[in-house]
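S.K.: If you read the sequences in order, they're chains A and B.
Here my numbering is used: the first sequence runs in plain steps of one and ends on residue 349.
Here my numbering is used: the second sequence runs in plain steps of one and ends on residue 113.
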Amino acid sequence: GENVEQHPSTLSVQEGDSAVIKCTYSDSASNYFPWYKQELGKGPQLIIDIRSNVGEKKDQRIAVTLNKTAKHFSLHITETQPEDSAVYFCAASMRLRNSNYQLIWGAGTKLIIKP
Amino acid sequence: ETGVTQTPRHLVMGMTNKKSLKCEQHLGHNAMYWYKQSAKKPLELMFVYSLEERVENNSVPSRFSPECPNSSHLFLHLHTLQPEDSALYLCASSRWTGRGYTFGSGTRLTVV
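(1) Counting only beta-carbon separations shorter than 7 Å, does A/Ala341 have a partner in chain B?
(2) For a test of the three-state rule: what should DSSP assign to A/Glu224, helix, strand or coil?
(3) Where does B/Arg55 fall in DSSP's three states?
(4) I'd like to know if A/Pro278 contacts chain B, where contact means its C-beta is closer than 7 Å to some C-beta of that chain.
(5) Hey, does A/Tyr335 have any beta-carbon neighbour from chain B nearer than 7 Å?
(6) Bridge partners of A/His310, per DSSP?
(7) Got a sec, what are the start and stop residues for the beta strand (DSSP E) B/Lys37 sits in?
(8) Among residues of its own chain, excluding the 5 on either side of A/Asn237, which ones have a beta-carbon nearer than 8 Å to its beta-carbon?
(9) Let me confirm a value: B/Pro9 is counted as buried when at least 16 other C-beta atoms fall within 10 Å, else exposed. Which label applies?
(10) Would you tell me roughly how many angstroms separate the C-alpha atoms of A/Ile319 and A/Ser252, rounded to the nearest one?
(11) Determine, for B/Glu1, whether the minimum Cβ-Cβ distance to residues of chain A falls below 7 Å.
(12) Interface residues of chain A around B/Ser106 at Cβ under 8 Å?
(13) In chain order, what residues of the same chain lie with their CB nearer than 6 Å to the CB of A/Lys344, ignoring the 5 residues before and after it?
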């Protein structure tokens, strides 16, 4: 079946440094790639997404890049802060029957920001 | 609050019990989902409802039974669960399937 691989599983960076999380997907028909942040005791929250007709998207300190040919996309967080510590999930869309879609999820990256 | 409310937040049940999880959204979304989240595993999609019609049942055991009486409410009925069913159960909604999910905070289920 279709899958999304996410690396690394744990990432520890010094406060103020940048963090990069990478995902690869298998379904060449995927056209939507969101990133979610999950803090302790909460459900995942959408932080940024990108569609397949765009190569890069930025929102303040976070950015996502997409390489459709290689079927991989990455999350970049610059000037990391303690509140960025969380688990981050990538996902890729997959078509279901009757024009419905679902998201295929990566296994998550635990990001630790060291003070 | 995200706009998706799940109750209860925590549930401990025996293997012979019957219980239900509830999810409610008033975001005007047309799709709702149940996910199972276990440690160190990807989010596992269980059920997808679009306009109150089930569009995906991801090989979930029959001891889990979903119900979507209207586009704002989603239930997951549980009976004769196993200890390996212990996990965080997340509900999400979106305007249309596959885009812009809003998640609830989840129900932490422990089966003893």
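We treat Cβ as the ideally placed atom computed from N, Cα and C, and that holds for glycine.
Keep in mind that this is a model prediction, so the values were computed, not measured.
M.R.: Put simply:
(1) Interface residue, yes.
(2) Nothing about residue 224 of chain A can be reported from this structure: the residues present for chain A run from 235 to 349 only.
(3) In the structure shown, the three-state DSSP call for B/Arg55 is strand.
(4) By this cut-off, A/Pro278 is an interface position.
(5) Judged by the 7 Å Cβ criterion, A/Tyr335 is in contact with chain B.
(6) A/Val254 and A/Ala297.
(7) Element bounds for B/Lys37: Ala32 to Gln38.
(8) If we look at A/Asn237 and ignore the five residues flanking it on each side, its Cβ neighbours are Tyr259, Ser260 and Ile338.
(9) By the Cβ neighbour-count rule, B/Pro9 is exposed, with fewer than 16 other Cβ atoms within 10 Å of its own.
(10) The residue asked about is misnamed: residue 319 of chain A is Ser in this sequence, not Ile. About 13 Å.
(11) Lying before the first or after the last residue shown, residue 1 of chain B is absent from chain B, which here runs from 2 to 113.
(12) Per Cβ cutoff of 8 Å: Gly275, Lys276 and Gly277.
(13) Thr244 and Val321.
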